[in-house]
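Notes to accompany the following structure.
Residue numbers (this note's numbering): 17 to 228.
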């Protein structure tokens with residue numbers, strides 16, 4: 017359901033001014049679990065800080081890619097990108113399984129650290145990390161509310177938009193296995209357009225992530 021037209025490009029560059037703004041060399045990343053960090057685009061750009069924290073994998077959850085070194089050898093990070101907007105009707109749950117696998121490849125297989133980020137580290141990337149916690153962290157298994165509370169205790173600005181919250185709730189009801197519940201997923205898709213129309217009518221065009 018994502019869009020890459022002119023409206024997407026304009027909104028993808030939108031900036032929210034206020035207390036969540038971070039400098040170009042920000043260290044705005046938060047450790048959620050050992051070797052799992054959640055943060056902003058500005059934090060993801062601070063390669064020196066990332067290396068000091070031992071981060072080797074970067075999962076970008078936004079449309080625009082984060083600039084990297086001129087060559088793969090110069091950059092030195094393993095990367096994955098999920099090109100989505102911070103909109104209530106944006107389907108993000110499609111990517112939960114691949115994101116979980118990428119995070120586990122860093123944390124479990126390689127015993128290395130991974131950063132999951134979007135523009136502000138508030139909505140899109142927070143949703144991906146919440147889904148990972150629900151699927152992989154036993155105390156929070158299948159429990160979207162507990163996963164979000166766990167995140168907010170460490171990063172208080174976490175605030176997924178209403179559509180992402182609904183997808184996390186569905187993910188929990190499906191036992192973190194969407195493939196096993198295709199009817200529930202299709203029912204969500206059928207209602208997503210109407211729900212998004214209502215959200216936009218009430219002024220919620222995107223979440224607190226800055227629309228990037």
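For glycine and all other residues, C-beta sits at the position ideal for the given N, C-alpha and C.
Pairwise C-alpha distance: residue j and residue i
i, j, result
"residue 131", "residue 207", "32 Å"
"residue 180", "residue 64", "32 Å"
"residue 140", "residue 127", "25 Å"
"residue 184", "residue 175", "13 Å"
"residue 198", "residue 142", "24 Å"
"residue 60", "residue 94", "13 Å"
"residue 121", "residue 69", "18 Å"
"residue 205", "residue 168", "28 Å"
"residue 203", "residue 186", "10 Å"
"residue 125", "residue 115", "14 Å"
"residue 102", "residue 182", "14 Å"
"residue 66", "residue 196", "37 Å"
Chain-order list of residues whose beta-carbon lies under 7 Å from that of residue i (same chain, five-residue window excluded)
i, result
"residue 149", "156, 163 and 166"
"residue 81", "97"
"residue 158", "150, 188, 191 and 192"
"residue 201", "194"
Nearest-angstrom beta carbon gap, residue j and residue i [assumed within contact, 8 Å]
i, j, result
"residue 1", "residue 145", "Because the chain here runs from 17 to 228, residue 1 falls outside it and cannot be looked at."
"residue 62", "residue 123", "Going by Cβ atoms, the distance from residue 62 to residue 123 rounds to 21 Å, so no, they are not a contact pair."
"residue 133", "residue 76", "6 Å"
"residue 71", "residue 129", "5 Å"
"residue 112", "residue 147", "4 Å"
For residue i: DSSP bridge partner residues
i, result
"residue 97", "76"
"residue 55", "45 and 133"
"residue 144", "Looking at the DSSP assignment, residue 144 forms no beta bridge with any residue, so it has no partner."
"residue 71", "129"
Cut-off 8 Å between Cβ atoms - residues of its own chain near residue i, not counting five sequence neighbours on either side
i, result
"residue 171", "46, 48, 54, 137 and 142"
Own chain partners of residue i with C-beta closer than 6 Å, once the 5 adjacent residues on each side are dropped
i, result
"residue 38", "Caution applies to residue 38, whose pLDDT of 37 falls short of 50 and renders its modelled position unreliable; the model cannot decide the point."
If you pair each beta-carbon of the stretch 97-109 with each one of the stretch 44-53, do three or more pairs fall below 8 Å?
-> Contact between the stretch 97-109 and the stretch 44-53 is absent, because fewer than three Cβ pairs lie under 8 Å.
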